[in-house]
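Student: The structure is given below, and queries will be raised subsequently.
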Amino acid sequence: MNTAGPNELLYRIALTMIPNIGNMVIKNLMAYCGSAEAALTASRAKLLKIPLVGDERAEMIVNADVMKKAEEELKYITDNGITPIFFTDATYPERLKQCTDSPVMMYFNGTCNFNTPKAIAVVGTRRATDYGKEITKRLIHELTPYQPLIISGLAYGIDICAHNAALENGLPTIAVLGGGLHSIYPQQHISAAKKMMANGGLLTEYTTFDEMHPKNFPERNRIVAGMCDALIIVESTSDGGAVITANLANGYNRDVFAVPGKATDKVSAGCNMLIKTHKAQLVETGKDIIDALRWELADGSGKQAKRQRQLFISLSAEEQKIYDLLNQQGEMEIDMLSQGTGLGTGTLAGTLLEMEMNNLLVALPGKRYRLT
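Each residue of the sequence shown is one higher than the one before, starting from 14 at the first, in the numbering used here.
This is the structure in structure tokens:
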């Protein structure tokens with residue numbers, strides 16, 4: 014739910030419509046001014062004291078002529094039951110909020126809780142093979158008992174297959190769009206989009222004034238990557254948009270999985286490359302994902318017991334610290350390991366490598382580690 018009053022909501026929309034004022038700048042404006050209205054009515058002198066603003070942006074904010082457009086946009090979303098979601102709202106996706114380049118304003122049409130305990134993104138080629146479609150359906154079906162939110166981009170191929178599989182299995186599913194909610198693209202997927210609104214919905218950072226542009230889709234991909242716990246790539250060429258999404262997800266420290274394909278299949282070249290370069294974990298079944306993420310069922314069954322194994326090699330003091338911490342936490346990023354063990358970066362890196370060579374732990378994408 015949006016907590017801003019009608020005037021503040023109008024100013025929030027207006028703030029996002031000022032040219033060349035990016036998300037980071039808007040977040041700074043909100044932090045220093047306290048509200049969108051205060052930011053848009055601030056003096057040039059005050060604006061110049063705010064980090065990242067500078068002369069040019071201050072001039073653009075002071076002289077902004079966007080209120081009429083904002084009023085039209087507010088009327089459109091009000092008339093069409095669209096929910097505006099600002100980055101300070103309680104309903105804003107918590108996972109996405111952790112990403113520095115997250116959008117300050119998004120628009121949502123549907124019924125869904127973005128902050129469900131489990132969220133999976135599934136993306137891939139628009140030219141999906143029967144194999145790709147079949148394994149997408151199977152993976153989602155196998156994940157169904159854990160009731161994850163399924164996120165994708167409504168595109169042809171793997172995206173729409175993932176959405177439809179979620180609908181067939183009664184799972185909530187969200188499509189992140191590369192354009193405004195006034196025009197669903199591609200139009201062939203309007204029927205599926207309407208079904209999704211009953212258990213999921215459509216999400217975008219674009220307004221009705223934003224033109225559909227090729228650059229929108231890579232920008233859209235960061236939202237897909239940022240909203241999930243884990244990203245699954247099913248079929249992608251080496252230069253496909255799914256590989257871009259995988260790189261974004263790795264940058265956000267998300268788990269990345271890829272379905273392998275034949276060495277001669279161009280449509281799987283991106284997946285094979287991600288696996289080969291350790292940017293994605295190989296996945297063949299839903300159980301692979303469940304085990305890697307250590308999911309539990311809602312009733313607590315399926316819980317994986319903590320490791321209680323006997324070590325037949327002697328651990329150094331540094332190795333013991335790492336082992337004990339990972340045994341307790343399950344999986345950790347290297348920065349958290351350094352903080353938890355008190356080991357310096359150089360010592361930690363060398364010790365982790367030695368433990369990996371001794372098959373005591375495995376390195377995961379995003380500089381994360383877990384015990385074997």
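Don't be surprised by glycine CBs; every beta carbon is placed ideally from N, CA and C.
1) Is the region 215-226 in contact with the region 128-136, if contact means three or more CB pairs nearer than 8 Å?
2) If I follow the unbroken beta strand (DSSP E) through Asn122, where does it start and stop?
3) Is the Cβ-Cβ distance between Met37 and Leu65 less than 8 Å?
4) Could you check what DSSP says for Tyr382 in three-state terms: helix, strand or coil?
5) In the DSSP assignment, find the beta strand (DSSP E) that holds Ile187 and state where it starts and stops.
6) Taking only the alpha-carbon atoms, compute the straight-line gap between Phe100 and Gly193 and give it to the nearest angstrom.
7) Label Ala175 either buried or exposed according to how many other C-beta atoms from any shown protein chain fall within 10 Å of its C-beta, with 16 as the threshold for buried.
8) Below 8 Å on the Cβ atoms is my guess for Ala243 versus Asp268; work out the distance and round it to an integer in Å.
9) For the candidate residues Glu331, Ser281, Arg57, whose alpha-carbon lies nearest to that of Gly355?
10) Within the continuous beta strand (DSSP E) that includes Ile98, where are the two ends?
11) Let me know the secondary structure DSSP gives Val247 once reduced to three states.
12) Is there contact between the region 163-173 and the region 53-62, where contact requires at least three CB pairs shorter than 8 Å?
13) Kindly list the residues whose CB is nearer than 8 Å to the CB of Glu21, restricted to its own chain and excluding five residues on each side of it in sequence; keep chain order.
14) Between Gln321 and Gly359, what straight-line distance do the alpha-carbon atoms span, to the nearest angstrom?
15) Counting only runs that start and end within the region 245-315, where is the beta strand (DSSP E) found for 3 or more residues in a row?
16) Rounded to a whole number of angstroms, what is the C-alpha to C-alpha distance between Pro106 and Asn128?
17) DSSP state of Pro130, grouped into three classes?
18) Under a Cβ-count criterion, where at least 16 other Cβ atoms within 10 Å of its own Cβ denotes burial, should Ile203 be classed as buried or exposed?
19) Given 8 Å as the limit, is there contact between the region 252-269 and the region 177-191, that is, 3 or more CB pairs closer than that?
20) With a Cβ-Cβ cutoff of 8 Å, do Ile153 and Phe121 count as a contact?
21) DSSP three-state label for Ser165, please.
22) Suppose contacts are defined by Cβ-Cβ distances below 8 Å. Is Met209 in contact with Gly123 by that definition?
23) Thinking Ala282 and Thr138 are a contact (beta carbons under 8 Å), I'd like their distance in whole angstroms, please.
24) Ignore the nearest five residues each way along the sequence and tell me which others in Tyr89's own chain have a CB closer than 8 Å to its CB.
25) Would DSSP call Gln323 helix, strand or coil?
26) Tell me the DSSP secondary structure of Val66 in three-state form.
27) Thinking just about the alpha-carbon of each residue, which of Gly183, Tyr198, Met286 is nearest to the one in Gly253?
28) Is it buried or exposed for Leu310, if we count other Cβ within 10 angstroms and need 16 for buried?
29) Helix or strand or just coil, what does DSSP make of Val135?
30) Val375 bridges to which residues according to DSSP?
31) Does Lys146 pass the burial test, meaning 16 or more other C-beta atoms within 10 Å, or should it be called exposed?
32) Return the bridge partner residues of Thr91 from the DSSP annotation.
33) How is Gly192 classed by DSSP in three states: helix, strand or coil?
34) On a CA-only basis, which of Pro378, Thr385, Lys380, Gly357 is nearest Met370? Give me that one, please.
35) Which residue marks the beginning of the beta strand (DSSP E) containing Leu216, and which one marks its end?
Tutor: According to the structure shown:
1) no
2) 118-124
3) yes
4) strand
5) 186-189
6) 18 Å
7) buried
8) 4 Å
9) Glu331
10) 96-99
11) strand
12) no
13) Ser48, Ala49, Glu50
14) Unreliable placement is indicated for Gln321, whose pLDDT of 44 sits below 50; no coordinate value is reported for it.
15) 268-271
16) 6 Å
17) coil
18) exposed
19) no
20) no
21) strand
22) yes
23) With 8 Å as the limit, Ala282 and Thr138 do not qualify as a contact, their Cβ atoms being about 10 Å apart.
24) Ile95, His195, Thr221
25) Residue confidence is low: Gln323 scores 46 on pLDDT, short of 50, so the model does not pin down where it sits. No coordinate-derived value is stated.
26) coil
27) Met286
28) exposed
29) strand
30) Arg383
31) buried
32) In DSSP, Thr91 forms no bridge with anything.
33) coil
34) Thr385
35) 213-217
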